[in-house]
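In the numbering used here, the protein residues as written are 476 to 920.
The structure appears below as structure tokens.
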């Protein structure tokens, strides 16, 4: 029944949203903001075809979500109305294509190609979102549309976190995701950009800046409520870094007051949650770290054994069915279905071999370098976005040493959105290097 309902929704929603995007730039901007916001909804707004929910790998079926439907509509509208202004092959497409080809080859050689095909399907979806965001901004949709989506996510995060924490009694809140560990990488990726816009963007009014700062700090609060030790530490460090950046590079009375208020709020919050966080750190089971080491060592063995790895999305399957990769297991020895390595880089090396890991890093680091390179200069709205993207990508890389969350759809989509912002802003600054603010500028209205 749910598949029929979803099919009807797609058939009705896609042409409706396409028509909306064609009708006016404002509606197109609304849809772009909705696309950003939809990534937060997780399993609430997606459906899996050929679902294999008992499998413990990152991808368990051919997933389609609300994010995809909005992206389809925007792409159709842009191709119909702005085909001459579209950048058909945006930044990094060549390296992403090489990575995709290697993923296809690894899947063909894997023990269970069906599992790999789930991830290949998602890779196409993620690239479409990246292409969509890049070109939506390129044709003139304001950055404010992205900001709308970020603000909506932030303003929903706190009440949802409070509801889960105090009304449902959930110790480590997951928001709309499967696990609480997904929340920090997801929110830490985007809130630096939003916070910097709120602190430093001189084109915005006071209310708008205050709303952005409030939403950004709401995201930080939600991260803290997951009681993720690494996630909380990263979020705290990012807030301090953003405040220092604002005070040093955008000194003014308004920035000073806003920074002082944020710092005071952080201090009060830190005092409030100190006992709970300290207790979490004190009582964190040693077995958790030992289990990570066991999985990571298994991934290292797989990467050493096979030039192209054990197969895309096949880590859990191979680890379950091949005893020699788990002979060293102690903490997780009794698991009937093995999980995955909590280290995105070892997981990638295990599934795709070292060639796959190198291409994976090439794709990520090229976006990081582009954001950093073009963030230097006069702090226009676009450059603030690029500074935020640089910090966001950095948090994602650091988290990758402890989690595989980048393989989870909401985080992957959000990464694609940040990459799209990076590409569009960098291209705009490249085209108009002498302009203090380019055509993408626009306030939150």
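Backbone N, C-alpha and C define an ideal beta-carbon position, used for all residues, glycine too.
Name, in chain order, the residues that DSSP records as bridge partners for residue 537. Translated into the one-based positions of the chain shown, residue 537 becomes position 62. Per DSSP, 524.
Cβ-heavy atom distance between residue 725 and the ligand ADP below 8 Å? For the ligand ADP, the structure offers nothing, since it holds no ligand at all.
What did DSSP end up calling residue 913 once you bin it into helix, strand or coil? Numbered from 1 along the chain shown, position 438 holds the residue referred to as residue 913. Here residue 913 scores only 44 on pLDDT, less than 50, and its place in the model is too uncertain to base an answer on.
In its own chain, which residues sit with a C-beta less than 7 Å from the C-beta of residue 834, not counting the 5 before and 5 after it? Numbered from 1 along the chain shown, position 359 holds the residue referred to as residue 834. The residues are 570, 573, 574, 577.
For residue 803, the nearest candidate out of 714, 630, 789, 776 (CA to CA): As a working note, residue 803 is residue 328 in the chain shown. Ranking the options by Cα distance to residue 803, first place goes to 776.
Given a cut-off of 9 Å on the beta-carbon distance, is the pair residue 620 and residue 541 in contact? Taking the chain shown and counting its residues from 1, one reaches residue 620 at position 145. Taking the chain shown and counting its residues from 1, one reaches residue 541 at position 66. No, the Cβ-Cβ distance between residue 620 and residue 541 is not below 9 Å.
Have a look at residue 840 and residue 791 and give me their C-alpha separation to the nearest angstrom. By one-based count along the chain shown, residue 840 stands at place 365. By one-based count along the chain shown, residue 791 stands at place 316. Each residue's alpha carbon lies about 27 Å from the other.
Between the stretch 498-514 and the stretch 580-600, do three or more beta carbon pairs fall short of 8 Å? no
When 625, 888, 711 are compared against residue 748, the one with the closest alpha-carbon: Counting from one through the chain shown, the residue named residue 748 turns up at place 273. When only C-alpha atoms are compared, the closest one is 711.
Exposure label - residue 558; buried when at least 16 CB within 10 Å: Here residue 558 is taken as the residue at index 83 of the chain shown, counted from 1. Counting Cβ neighbours within 10 Å, residue 558 comes out exposed, since fewer than 16 surround it.
Using a 10 Å radius around the Cβ and a threshold of 16 neighbouring Cβ atoms, would you call residue 586 buried or exposed? Residue numbering aside, residue 586 sits at position 111 when the chain shown is read from its first letter. Residue 586 comes out exposed.
Quick check: what's the CA-CA separation for residue 517 versus residue 653? By one-based count along the chain shown, residue 517 stands at place 42. By one-based count along the chain shown, residue 653 stands at place 178. Distance between the alpha carbons of residue 517 and residue 653: 8 Å.
Endpoints, alpha helix (DSSP H) assigned at residue 747: In the chain shown, counting from the first residue as 1, residue 747 sits at position 272. Note, residue 747: alpha helix (DSSP H), 728-758.
Have a look at 524, 799, 789, 882 and flag the residue whose alpha-carbon is nearest the alpha-carbon of residue 601. Looking up residue 601 in the chain shown gives position 126. The residue with the shortest Cα to Cα distance from residue 601 is 882.
Output yes or no for whether 9 Å exceeds the beta carbon distance between residue 663 and residue 614. Here the question's residue 663 lines up with position 188 in the chain shown. Here the question's residue 614 lines up with position 139 in the chain shown. No, they are not a contact pair.
Residue nearest to residue 880 in terms of C-alpha spacing, selected from 481, 865, 534: To locate residue 880, count along the chain shown from 1; it is residue 405. Of the candidates 481, 865, 534, the one whose C-alpha sits nearest the C-alpha of residue 880 is 534.
Just confirm the distance between the C-beta atoms of residue 511 and residue 625, as a whole number of angstroms; I'd bet it's less than 8 Å. For this step, residue 511 is matched to residue 36 along the chain shown. For this step, residue 625 is matched to residue 150 along the chain shown. Confirmed, about 6 Å.
With DSSP as the reference, label residue 587 as helix, strand or coil. Along the chain shown, one-based indexing puts residue 587 at 112. Residue 587 falls in the coil class under three-state DSSP.
Since residue 782 and residue 816 are thought to touch, with beta carbons under 8 Å apart, how far apart are those beta carbons, to the nearest angstrom? Taking the chain shown and counting its residues from 1, one reaches residue 782 at position 307. Taking the chain shown and counting its residues from 1, one reaches residue 816 at position 341. The pair is not a contact, with the Cβ atoms about 19 Å apart (cut-off 8 Å).
Would you mind working out which of 806, 544, 665, 561 sits nearest residue 887, comparing C-alpha positions? For this step, residue 887 is matched to residue 412 along the chain shown. Nearest option by C-alpha distance: 665.
Below 8 Å on the Cβ atoms is my guess for residue 794 versus residue 824; work out the distance and round it to an integer in Å. Counting from one through the chain shown, the residue named residue 794 turns up at place 319. Counting from one through the chain shown, the residue named residue 824 turns up at place 349. Wrong, their Cβ atoms sit about 14 Å apart, outside the cutoff.
What is the DSSP secondary structure of residue 1004, counted as helix, strand or coil? Residue 1004 is absent from the model: the chain starts at 476 and stops at 920.
Comparing alpha-carbon positions, which option in 785, 818, 766, 780 lies nearest residue 806? Start at 1 with the first residue of the chain shown, and residue 806 comes out as number 331. When only C-alpha atoms are compared, the closest one is 766.
Give every residue of the same chain whose Cβ lies closer than 7 Å to the Cβ of residue 914, excluding the five residues on either side of it in the sequence, and list them in chain order. Here residue 914 refers to the residue found at position 439 of the chain shown. Caution is warranted here: a pLDDT of 49 is assigned to residue 914, below 50, making its placement in the model unreliable, and no coordinate value can be reported.
Using only alpha-carbon positions, find the residue among 796, 751, 761, 800 that is nearest to residue 774. By one-based count along the chain shown, residue 774 stands at place 299. Residue 800 is the option with its Cα nearest to residue 774.
Count the other C-beta atoms from every protein chain shown that fall within 10 angstroms of the C-beta of residue 719, then say buried if there are 16 or more, exposed otherwise. Locating residue 719 in the chain shown gives position 244, counting from the first residue. It is exposed - the Cβ of residue 719 has fewer than 16 other Cβ atoms within 10 Å.
Going along the chain, which residues of its own chain have a beta-carbon closer than 8 Å to the beta-carbon of residue 746, five neighbours each way excluded? Taking the chain shown and counting its residues from 1, the one referred to as residue 746 is at position 271. Here the set comprises nothing.
Under a Cβ-count criterion, where at least 16 other Cβ atoms within 10 Å of its own Cβ denotes burial, should residue 907 be classed as buried or exposed? Looking up residue 907 in the chain shown gives position 432. By the neighbour-count rule (16 or more Cβ atoms within 10 Å), residue 907 is not buried but exposed.
Using only CA atoms, which one of 810, 724, 690 lies nearest to residue 737? Counting from one through the chain shown, the residue named residue 737 turns up at place 262. When only C-alpha atoms are compared, the closest one is 690.
Between the alpha carbons of residue 895 and residue 808, how many angstroms are there, rounded? Taking the chain shown and counting its residues from 1, the one referred to as residue 895 is at position 420. Taking the chain shown and counting its residues from 1, the one referred to as residue 808 is at position 333. Answer to the nearest angstrom: the Cα atoms are 42 Å apart.
Restricting to Cα atoms, I'd like to know which of 688, 661, 680, 659 is closest to residue 673. The residue you call residue 673 lines up with position 198 of the chain shown. Ranking the options by Cα distance to residue 673, first place goes to 688.
With 16 other Cβ atoms within 10 Å as the buried cut-off, status of residue 528: Residue 528 sits at position 53 when you count from the first residue of the chain shown. Counting Cβ neighbours within 10 Å, residue 528 comes out exposed, since fewer than 16 surround it.
Quick one: using the 10 Å Cβ neighbour count with 16 as the cut-off for buried, is residue 560 buried or exposed? As a first step, residue 560 must be located in the chain shown, where it is residue number 85. Residue 560 should be labelled exposed.
In chain order, what residues of the same chain have a beta carbon less than 7 Å from the beta carbon of residue 584, not counting five sequence neighbours either side? Counted from its first residue, the chain shown places residue 584 at position 109. Here the set comprises 783, 786.
Determine the direct distance from the alpha carbon of residue 649 to that of residue 565, and round the result to whole angstroms. The residue given as residue 565 occupies position 90 in the chain shown. The residue given as residue 649 occupies position 174 in the chain shown. Approximately 34 Å between the Cα atoms of the pair.
Would you please state the rounded distance, in angstroms, between the beta carbons of residue 695 and residue 715? I believe it to be under 8 Å. Here residue 695 is taken as the residue at index 220 of the chain shown, counted from 1. Here residue 715 is taken as the residue at index 240 of the chain shown, counted from 1. About 11 Å; that fails the 8 Å criterion.
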